[in-house]
Amino acid sequence: MSNFNFCYRIVPCLADPARRSSLGLKAALVALHLVYAGILFLFDSDLIEKTKEEPWYTAIYLLLFVVALIQYFVTSCSSPGYVLDAMRDVNEKKSLYRRSSMLSKQPASSKSGSFVITVEGSQSEINTQGSNITSWTKLVLDMYPPGTSIRTLTCSYCNAEQPPRAKHCHDCDKCVLQFDHHCVWLGTCIGRGNHCQFWWYIFEETALCLWTGILYITYLKANILRVWWKDAVMILLLVTLSIALIFLLLLLIFHRWPIYVC
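Residue numbers (full-length UniProt numbering): 1 to 262.
Below, the structure written as C-alpha coordinates:
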(Lines of atoms letter the chains of each structure in order from A and count residues from 1; the text may use other names and numbers.)
(Lines give C-alpha, C1' and ligand atoms only; values in the text may rest on other atoms or scores of the structure.)
Protein backbone atom coordinates (compact mmCIF):
# COMPACT_ATOMS: atom_id res chain seq x y z
CA MET A 1 0.00 0.00 0.00
CA SER A 2 2.92 2.33 0.72
CA ASN A 3 4.22 1.75 -2.80
CA PHE A 4 0.91 3.01 -4.20
CA ASN A 5 1.04 6.08 -1.95
CA PHE A 6 4.58 6.76 -3.14
CA CYS A 7 3.46 6.54 -6.77
CA TYR A 8 0.51 8.83 -6.09
CA ARG A 9 2.87 11.45 -4.62
CA ILE A 10 5.05 11.34 -7.73
CA VAL A 11 2.12 11.32 -10.17
CA PRO A 12 -0.89 12.88 -8.39
CA CYS A 13 -3.30 12.15 -11.25
CA LEU A 14 -3.01 8.42 -10.52
CA ALA A 15 -4.83 8.94 -7.23
CA ASP A 16 -8.05 9.62 -9.16
CA PRO A 17 -9.61 6.26 -10.20
CA ALA A 18 -11.25 7.77 -13.30
CA ARG A 19 -8.03 9.34 -14.55
CA ARG A 20 -6.08 6.20 -13.66
CA SER A 21 -8.48 4.14 -15.76
CA SER A 22 -8.22 6.62 -18.63
CA LEU A 23 -4.43 6.53 -18.55
CA GLY A 24 -4.52 2.73 -18.48
CA LEU A 25 -6.71 2.64 -21.60
CA LYS A 26 -4.40 5.06 -23.40
CA ALA A 27 -1.38 2.93 -22.52
CA ALA A 28 -3.20 -0.22 -23.69
CA LEU A 29 -4.09 1.38 -27.04
CA VAL A 30 -0.51 2.51 -27.64
CA ALA A 31 0.71 -0.96 -26.69
CA LEU A 32 -1.70 -2.56 -29.20
CA HIS A 33 -0.35 -0.34 -31.97
CA LEU A 34 3.22 -1.26 -31.10
CA VAL A 35 2.39 -5.00 -30.94
CA TYR A 36 0.68 -5.11 -34.34
CA ALA A 37 3.40 -3.11 -36.09
CA GLY A 38 6.29 -4.64 -34.15
CA ILE A 39 5.36 -8.27 -34.84
CA LEU A 40 4.94 -7.45 -38.52
CA PHE A 41 8.47 -6.07 -38.82
CA LEU A 42 9.81 -8.82 -36.57
CA PHE A 43 8.39 -11.72 -38.62
CA ASP A 44 8.34 -10.36 -42.17
CA SER A 45 11.88 -10.46 -43.55
CA ASP A 46 10.55 -9.61 -47.02
CA LEU A 47 9.23 -6.32 -45.66
CA ILE A 48 12.66 -5.55 -44.22
CA GLU A 49 14.25 -6.18 -47.62
CA LYS A 50 11.62 -4.02 -49.31
CA THR A 51 12.37 -1.28 -46.80
CA LYS A 52 16.03 -1.35 -47.81
CA GLU A 53 15.13 -1.14 -51.51
CA GLU A 54 12.19 1.25 -51.20
CA PRO A 55 12.51 3.13 -47.89
CA TRP A 56 9.79 5.59 -48.86
CA TYR A 57 7.14 2.85 -48.59
CA THR A 58 7.93 2.05 -44.96
CA ALA A 59 8.52 5.71 -44.19
CA ILE A 60 4.97 6.61 -45.29
CA TYR A 61 3.56 3.71 -43.24
CA LEU A 62 5.46 4.78 -40.12
CA LEU A 63 4.43 8.39 -40.70
CA LEU A 64 0.77 7.32 -40.76
CA PHE A 65 1.40 5.28 -37.62
CA VAL A 66 2.82 8.28 -35.75
CA VAL A 67 0.19 10.72 -37.07
CA ALA A 68 -2.64 8.41 -35.95
CA LEU A 69 -1.22 8.21 -32.43
CA ILE A 70 -0.68 11.98 -32.28
CA GLN A 71 -4.24 12.57 -33.47
CA TYR A 72 -5.46 10.17 -30.79
CA PHE A 73 -3.81 12.14 -27.99
CA VAL A 74 -4.84 15.50 -29.49
CA THR A 75 -8.47 14.36 -29.65
CA SER A 76 -8.43 12.84 -26.17
CA CYS A 77 -7.07 16.09 -24.70
CA SER A 78 -9.47 18.34 -26.61
CA SER A 79 -12.62 19.85 -25.12
CA PRO A 80 -15.96 18.72 -26.57
CA GLY A 81 -17.48 22.10 -25.75
CA TYR A 82 -19.27 22.41 -22.43
CA VAL A 83 -22.50 24.32 -21.87
CA LEU A 84 -21.21 26.06 -18.74
CA ASP A 85 -18.12 27.33 -20.59
CA ALA A 86 -20.25 28.63 -23.47
CA MET A 87 -22.64 30.29 -21.03
CA ARG A 88 -19.73 31.93 -19.23
CA ASP A 89 -18.26 33.23 -22.50
CA VAL A 90 -21.61 34.66 -23.62
CA ASN A 91 -22.16 36.39 -20.29
CA GLU A 92 -18.63 37.82 -20.26
CA LYS A 93 -18.93 39.14 -23.82
CA LYS A 94 -22.33 40.62 -23.00
CA SER A 95 -20.92 42.25 -19.86
CA LEU A 96 -17.95 43.74 -21.75
CA TYR A 97 -20.24 45.02 -24.48
CA ARG A 98 -22.55 46.56 -21.88
CA ARG A 99 -19.67 48.28 -20.09
CA SER A 100 -18.19 49.66 -23.30
CA SER A 101 -21.58 50.97 -24.45
CA MET A 102 -22.18 52.60 -21.06
CA LEU A 103 -18.78 54.28 -21.09
CA SER A 104 -19.32 55.57 -24.61
CA LYS A 105 -22.61 57.19 -23.56
CA GLN A 106 -21.24 58.78 -20.37
CA PRO A 107 -20.60 62.56 -20.56
CA ALA A 108 -17.15 63.46 -19.24
CA SER A 109 -15.83 66.84 -18.10
CA SER A 110 -12.27 67.78 -17.25
CA LYS A 111 -11.48 69.53 -14.01
CA SER A 112 -7.94 70.21 -12.77
CA GLY A 113 -6.51 67.57 -15.09
CA SER A 114 -8.74 64.79 -13.77
CA PHE A 115 -11.86 63.32 -15.32
CA VAL A 116 -15.19 63.52 -13.56
CA ILE A 117 -17.73 61.05 -15.00
CA THR A 118 -21.45 61.33 -14.44
CA VAL A 119 -23.73 58.36 -15.06
CA GLU A 120 -27.45 58.27 -15.63
CA GLY A 121 -28.03 55.74 -12.88
CA SER A 122 -31.66 54.65 -13.29
CA GLN A 123 -31.46 54.02 -17.05
CA SER A 124 -28.17 52.08 -16.84
CA GLU A 125 -29.48 49.88 -14.01
CA ILE A 126 -32.55 48.94 -16.04
CA ASN A 127 -30.40 47.99 -19.04
CA THR A 128 -28.01 46.01 -16.86
CA GLN A 129 -30.74 43.97 -15.24
CA GLY A 130 -32.43 43.27 -18.57
CA SER A 131 -29.14 42.17 -20.12
CA ASN A 132 -28.44 39.73 -17.29
CA ILE A 133 -31.83 38.11 -17.76
CA THR A 134 -31.75 37.83 -21.54
CA SER A 135 -28.07 37.05 -22.28
CA TRP A 136 -27.65 33.26 -22.30
CA THR A 137 -31.30 32.42 -21.62
CA LYS A 138 -32.55 34.50 -24.55
CA LEU A 139 -29.90 32.99 -26.82
CA VAL A 140 -31.05 29.47 -25.91
CA LEU A 141 -34.77 30.24 -26.12
CA ASP A 142 -34.30 31.69 -29.62
CA MET A 143 -33.18 28.22 -30.74
CA TYR A 144 -36.45 26.61 -29.66
CA PRO A 145 -40.06 27.10 -30.83
CA PRO A 146 -41.91 30.07 -29.30
CA GLY A 147 -43.57 29.34 -25.99
CA THR A 148 -40.90 26.94 -24.72
CA SER A 149 -40.38 27.34 -20.99
CA ILE A 150 -36.98 27.72 -19.35
CA ARG A 151 -37.74 24.92 -16.89
CA THR A 152 -37.95 22.30 -19.65
CA LEU A 153 -34.52 23.38 -20.99
CA THR A 154 -32.72 23.47 -17.64
CA CYS A 155 -30.39 20.60 -16.77
CA SER A 156 -31.30 19.11 -13.40
CA TYR A 157 -27.60 18.41 -12.70
CA CYS A 158 -25.82 21.56 -13.92
CA ASN A 159 -28.79 23.93 -13.48
CA ALA A 160 -27.99 25.51 -16.85
CA GLU A 161 -30.17 26.05 -19.92
CA GLN A 162 -29.28 23.52 -22.62
CA PRO A 163 -29.25 24.47 -26.32
CA PRO A 164 -30.62 21.92 -28.83
CA ARG A 165 -28.67 18.62 -28.97
CA ALA A 166 -26.92 19.38 -25.69
CA LYS A 167 -26.90 16.61 -23.11
CA HIS A 168 -25.53 15.98 -19.65
CA CYS A 169 -22.75 13.36 -19.64
CA HIS A 170 -22.75 11.37 -16.40
CA ASP A 171 -19.16 10.20 -16.98
CA CYS A 172 -17.80 13.75 -17.28
CA ASP A 173 -20.55 15.21 -15.03
CA LYS A 174 -20.97 18.14 -17.44
CA CYS A 175 -23.42 19.25 -20.13
CA VAL A 176 -21.89 18.91 -23.59
CA LEU A 177 -22.83 21.00 -26.63
CA GLN A 178 -24.07 18.85 -29.54
CA PHE A 179 -23.38 15.73 -27.51
CA ASP A 180 -22.66 12.64 -29.61
CA HIS A 181 -21.29 10.04 -27.20
CA HIS A 182 -18.74 9.49 -24.47
CA CYS A 183 -15.76 7.65 -25.93
CA VAL A 184 -14.24 5.29 -23.37
CA TRP A 185 -11.01 4.83 -25.33
CA LEU A 186 -10.46 8.56 -25.64
CA GLY A 187 -11.59 9.24 -22.09
CA THR A 188 -13.67 12.25 -23.14
CA CYS A 189 -16.99 13.18 -24.73
CA ILE A 190 -17.43 13.81 -28.43
CA GLY A 191 -19.28 17.04 -29.06
CA ARG A 192 -19.21 20.24 -31.05
CA GLY A 193 -15.69 21.18 -29.99
CA ASN A 194 -13.89 17.98 -31.04
CA HIS A 195 -16.22 16.17 -33.48
CA CYS A 196 -14.07 17.14 -36.45
CA GLN A 197 -10.88 15.96 -34.73
CA PHE A 198 -12.59 12.70 -33.83
CA TRP A 199 -13.54 12.14 -37.48
CA TRP A 200 -9.96 12.65 -38.64
CA TYR A 201 -8.70 10.27 -35.96
CA ILE A 202 -11.12 7.57 -37.13
CA PHE A 203 -10.09 8.19 -40.74
CA GLU A 204 -6.37 7.88 -39.95
CA GLU A 205 -6.93 4.83 -37.74
CA THR A 206 -9.00 3.15 -40.46
CA ALA A 207 -6.28 3.78 -43.08
CA LEU A 208 -3.64 2.42 -40.70
CA CYS A 209 -5.65 -0.74 -39.93
CA LEU A 210 -6.34 -1.33 -43.63
CA TRP A 211 -2.69 -0.93 -44.58
CA THR A 212 -1.54 -3.16 -41.72
CA GLY A 213 -4.09 -5.81 -42.73
CA ILE A 214 -2.78 -5.77 -46.32
CA LEU A 215 0.78 -6.27 -45.02
CA TYR A 216 -0.41 -9.19 -42.86
CA ILE A 217 -2.15 -10.85 -45.82
CA THR A 218 0.94 -10.33 -48.01
CA TYR A 219 3.09 -12.04 -45.39
CA LEU A 220 0.72 -15.01 -45.04
CA LYS A 221 0.59 -15.51 -48.81
CA ALA A 222 4.37 -15.64 -49.07
CA ASN A 223 5.17 -17.56 -45.87
CA ILE A 224 2.19 -19.80 -45.16
CA LEU A 225 3.05 -23.29 -43.78
CA ARG A 226 6.71 -22.40 -43.19
CA VAL A 227 6.66 -21.79 -39.44
CA TRP A 228 3.32 -22.85 -37.95
CA TRP A 229 3.47 -20.80 -34.75
CA LYS A 230 4.25 -17.62 -36.68
CA ASP A 231 1.31 -18.32 -38.96
CA ALA A 232 -0.95 -18.87 -35.95
CA VAL A 233 0.11 -15.57 -34.37
CA MET A 234 -0.33 -13.65 -37.63
CA ILE A 235 -3.76 -15.19 -38.33
CA LEU A 236 -4.94 -14.42 -34.80
CA LEU A 237 -3.79 -10.81 -35.10
CA LEU A 238 -5.32 -10.52 -38.56
CA VAL A 239 -8.71 -11.70 -37.29
CA THR A 240 -8.74 -9.17 -34.44
CA LEU A 241 -7.50 -6.49 -36.82
CA SER A 242 -10.35 -7.27 -39.23
CA ILE A 243 -12.91 -6.91 -36.43
CA ALA A 244 -11.40 -3.55 -35.47
CA LEU A 245 -11.42 -2.46 -39.13
CA ILE A 246 -15.12 -3.29 -39.52
CA PHE A 247 -15.90 -1.32 -36.36
CA LEU A 248 -13.85 1.67 -37.56
CA LEU A 249 -15.49 1.61 -40.99
CA LEU A 250 -18.93 1.69 -39.40
CA LEU A 251 -17.89 4.62 -37.23
CA LEU A 252 -16.40 6.39 -40.23
CA ILE A 253 -19.63 6.00 -42.22
CA PHE A 254 -21.81 7.03 -39.29
CA HIS A 255 -19.70 10.13 -38.57
CA ARG A 256 -19.18 11.12 -42.21
CA TRP A 257 -20.99 14.47 -41.95
CA PRO A 258 -18.57 16.46 -39.69
CA ILE A 259 -16.01 16.72 -42.52
CA TYR A 260 -18.30 19.19 -44.27
CA VAL A 261 -18.41 21.52 -41.27
CA CYS A 262 -14.74 21.40 -40.20
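Note that beta-carbon positions come from the ideal geometry of N, C-alpha and C, so glycine has one too.
Of the residues 179, 162, 163, 160, which one's Cα is nearest the Cα of residue 169?
As a first step, residue 169 is located in the sequence shown; it is residue number 169 there, counting from the start. That would be 179, whose Cα lies nearest to the Cα of residue 169.
Could you check if residue 163 is buried or exposed, using at least 16 other CB atoms within 10 Å of its CB as the buried criterion?
Counting from 1 along the sequence shown, the entry for residue 163 is found at position 163. Residue 163 comes out buried.
Over the uninterrupted alpha helix (DSSP H) stretch that includes residue 195, give me the two end residues.
Numbered from 1 along the sequence shown, position 195 holds the residue referred to as residue 195. Start and end: 195-223.
With a threshold of 8 Å, are at least 3 pairs of Cβ atoms found where one atom belongs to the segment 86-103 and the other to the segment 221-232?
no
Output the distance between the C-alpha atoms of residue 84 and residue 157, rounded to the nearest integer angstrom.
For the purposes of this step, residue 84 is taken as the residue at position 84 of the sequence shown. For the purposes of this step, residue 157 is taken as the residue at position 157 of the sequence shown. Approximately 12 Å, taken between the alpha carbons.
What does the alpha-carbon distance come out to for the pair residue 252 and residue 199?
The residue given as residue 252 occupies position 252 in the sequence shown. The residue given as residue 199 occupies position 199 in the sequence shown. Straight-line Cα distance between these residues: approximately 7 Å.
Could you check if residue 63 is buried or exposed, using at least 16 other CB atoms within 10 Å of its CB as the buried criterion?
Walking along the sequence shown from the start, residue 63 turns up at place 63. That one is exposed.
One or two residues paired with residue 138 in a DSSP bridge:
The residue labelled residue 138 in the question sits at position 138 within the sequence shown. None; residue 138 has no bridge partner.
Helix or strand or just coil, what does DSSP make of residue 181?
The count along the sequence shown starts at 1 and reaches residue 181 at position 181. In the structure shown, residue 181 sits in a strand (DSSP, three-state: E or B).
When 208, 233, 203, 212 are compared against residue 250, the one with the closest alpha-carbon
Numbered from its first residue, the sequence shown carries residue 250 at position 250. Among 208, 233, 203, 212, the Cα nearest to that of residue 250 is on 203.
Same chain, Cβ closer than 8 Å to residue 175, five either side skipped, listed in chain order
Counting from one through the sequence shown, the residue named residue 175 turns up at place 175. If we look at residue 175 and ignore the five residues flanking it on each side, its Cβ neighbours are 82, 83, 84, 155, 157, 158, 160, 162, 166, 167, 168, 169.
Beta-carbon proximity list for residue 245, same chain, < 8 Å, skipping 5 on both sides:
For the purposes of this step, residue 245 is taken as residue 245 along the sequence shown, with counting starting at 1. These residues qualify, in order along the chain: 206, 209, 210, 213.
Quick one: what's residue 174 bridged to in DSSP?
The count along the sequence shown starts at 1 and reaches residue 174 at position 174. In the DSSP output, where bridge partners are listed per residue, residue 174 has 169.
Are there 16 or more other CB atoms within 10 angstroms of the CB of residue 195, so buried, or fewer, so exposed?
Position 195 of the sequence shown holds residue 195. Residue 195 counts as buried, since at least 16 other C-beta atoms from the protein chains shown sit within 10 angstroms of its C-beta.
Distance between residue 171 and residue 50 (C-alpha atoms, nearest Å)
One-based indexing of the sequence shown puts residue 50 at position 50. One-based indexing of the sequence shown puts residue 171 at position 171. For residue 50 and residue 171, the distance between alpha carbons rounds to 47 Å.
Express the C-alpha separation of residue 242 and residue 197 in angstroms, rounding to a whole number.
Taking the sequence shown and counting its residues from 1, one reaches residue 197 at position 197. Taking the sequence shown and counting its residues from 1, one reaches residue 242 at position 242. Taking the straight line from one Cα to the other gives about 24 Å.
Under the three-state reduction of DSSP, which class applies to residue 157: helix, strand or coil?
The residue labelled residue 157 in the question sits at position 157 within the sequence shown. The answer is coil: DSSP assigns residue 157 none of H, G, I, E or B.
Here's the rule I'm using: 16 or more other beta-carbon atoms within 10 Å means buried, otherwise exposed. How should residue 28 be labelled?
By 1-based counting over the sequence shown, the position of residue 28 is 28. Taking all protein chains in view, the Cβ of residue 28 is surrounded by fewer than 16 other Cβ atoms within 10 Å, so the residue is classified as exposed.
Helix, strand or coil for residue 188, going by three-state DSSP, please let me know.
Counting from 1 along the sequence shown, the entry for residue 188 is found at position 188. Strand, per DSSP.
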